[in-house]
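**Q** Numbering (our numbering), first residue to last: 70 to 382.
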């Protein structure tokens, strides 16, 4: 009798074939799943990359010292960046037959090289010019009491530059210098002044609730002063700003400047808000202030609009 003996490895071959079929099925399933996973990951990466610039722009904090407040921060515009600002103000004097004054100011700021910014500004006002600090003191043959009895036109053209010595990193305050030449127009002959201001600022970050302190200390010199005019004057402006969010800040400022012989120092307290709009290129500001001396406005209301014309190179 013949006995057929099957090799024991046939069963192993059968099981191997089953495992191969199962592996091939799983491999086909993985082939279908992998493109889906890659597509999902690619879409997620595209979404995150497109959203990142918007988040970064919103997270950039708003300036805590700028128009319409009478304070200047020490940060220079980056090369290629340009910004134009429009400020409107209404003031009421403490005394005089003409007490109301309206003023409009424009200023262009351009970054020309790292740390250096060019500034060109123009101011125009009508009313009681004795309270217009930004005009300086208009050269005039009339004294304060006589000039307060009639409305007058006045203006100022300013050209200067801001240089940033320190950007405030490493725990040190930011420091800059502002130099300007001003031409003053008024009822009398034009006057010419030079202005040098030291700008100091320090920001204390607390997340979105950052606090900024700023100090401006300056010296104004009149070129060829007329008889009875003060040749030199000082100015000291200080502010504290509280960021409520990356786009909104509350600001409190104090401005003080020496005036002509016989006049008390210009002294104004301001409080208000600065807010950056959603398009991230426009900042609006509102400030209300009151004077603390008889030769300072009884009150002042100022509105500012800042427009970012171009970004840095």
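Every residue gets a Cβ at the ideal spot worked out from N, C-alpha and C, and that includes glycine.
Within its chain, find whatever has a CB closer than 6 angstroms to the CB of residue 306; leave out the 5 residues flanking it on each side and keep chain order.
**A** Position 237 of the chain shown, counted from the first residue, corresponds to residue 306. Answer for residue 306: 139, 140, 285 and 324, listed in chain order.
**Q** Could you check what DSSP says for residue 247 in three-state terms: helix, strand or coil?
**A** The count along the chain shown starts at 1 and reaches residue 247 at position 178. If DSSP states are grouped into helix, strand and coil, residue 247 belongs with the strands.
**Q** Have a look at 328, 251 and 278 and flag the residue whose alpha-carbon is nearest the alpha-carbon of residue 297.
**A** Sequence index remark: in the chain shown, residue 297 carries index 228 (1-based). For the residues 328, 251 and 278, the minimum Cα distance to residue 297 belongs to 328.
**Q** For a test of the three-state rule: what should DSSP assign to residue 348, helix, strand or coil?
**A** On the chain shown, position 279 is the one that residue 348 refers to. Residue 348 falls in the coil class under three-state DSSP.
**Q** Mapping the DSSP letters down to three states, classify residue 296 as helix, strand or coil.
**A** Taking the first residue of the chain shown as position 1, residue 296 is located at position 227. Coil.
**Q** Taking DSSP as the reference, what is the three-state secondary structure of residue 238?
**A** In the chain shown, counting from the first residue as 1, residue 238 sits at position 169. Correct three-state label for residue 238: helix.
**Q** Three-state secondary structure (DSSP) at residue 204?
**A** Taking the first residue of the chain shown as position 1, residue 204 is located at position 135. The answer is helix: DSSP assigns residue 204 an H, G or I state.
**Q** What is the DSSP secondary structure of residue 133, counted as helix, strand or coil?
**A** The residue you call residue 133 lines up with position 64 of the chain shown. Coil.
**Q** Considering Cα atoms alone, identify which of 321, 311 and 177 is closest to residue 377.
**A** Locating residue 377 in the chain shown gives position 308, where the first residue counts as 1. Among 321, 311 and 177, the Cα nearest to that of residue 377 belongs to 177.
**Q** Report the option in 303, 249 and 270 whose CA atom is closest to the CA atom of residue 261.
**A** Residue numbering aside, residue 261 sits at position 192 when the chain shown is read from its first letter. That would be 249, whose Cα lies nearest to the Cα of residue 261.
**Q** I need the boundaries of the beta strand (DSSP E) containing residue 367, first residue and last residue.
**A** By one-based count along the chain shown, residue 367 stands at place 298. Segment: none, residue 367 is in no beta strand (DSSP E) and carries neither H nor E.
**Q** What's the gap between the Cα of residue 62 and the Cα of residue 223?
**A** What is shown of the chain runs 70 to 382, which leaves residue 62 out entirely.
**Q** Where does residue 336 fall in DSSP's three states?
**A** Numbered from 1 along the chain shown, position 267 holds the residue referred to as residue 336. Reduced to three states, the DSSP call for residue 336 is strand.
**Q** Apply the 10 Å Cβ neighbour rule to residue 300 and answer buried if 16 or more other Cβ atoms are within range, or exposed otherwise.
**A** Counted from its first residue, the chain shown places residue 300 at position 231. Exposed, because fewer than 16 other Cβ atoms sit within 10 Å of the Cβ of residue 300.
**Q** Under 8 angstroms by Cβ, that's how I've got residue 156 and residue 373 pegged, so tell me the actual separation to the nearest angstrom.
**A** Sequence index remark: in the chain shown, residue 156 carries index 87 (1-based). Sequence index remark: in the chain shown, residue 373 carries index 304 (1-based). Contact flag correct, Cβ pair sits at about 5 angstroms.
**Q** Measure from the alpha carbon of residue 130 to the alpha carbon of each residue in 188, 185, 322 and 346, then state which is nearest.
**A** To locate residue 130, count along the chain shown from 1; it is residue 61. Selected option, being the one with the closest Cα: 346.
**Q** Taking the alpha carbon of residue 193 as the point to measure from, which residue in 311, 135 and 252 has its own alpha carbon closest?
**A** Residue mapping note: residue 193 aligns to position 124 of the chain shown, counting from 1. The shortest Cα separation from residue 193 among 311, 135 and 252 belongs to 252.
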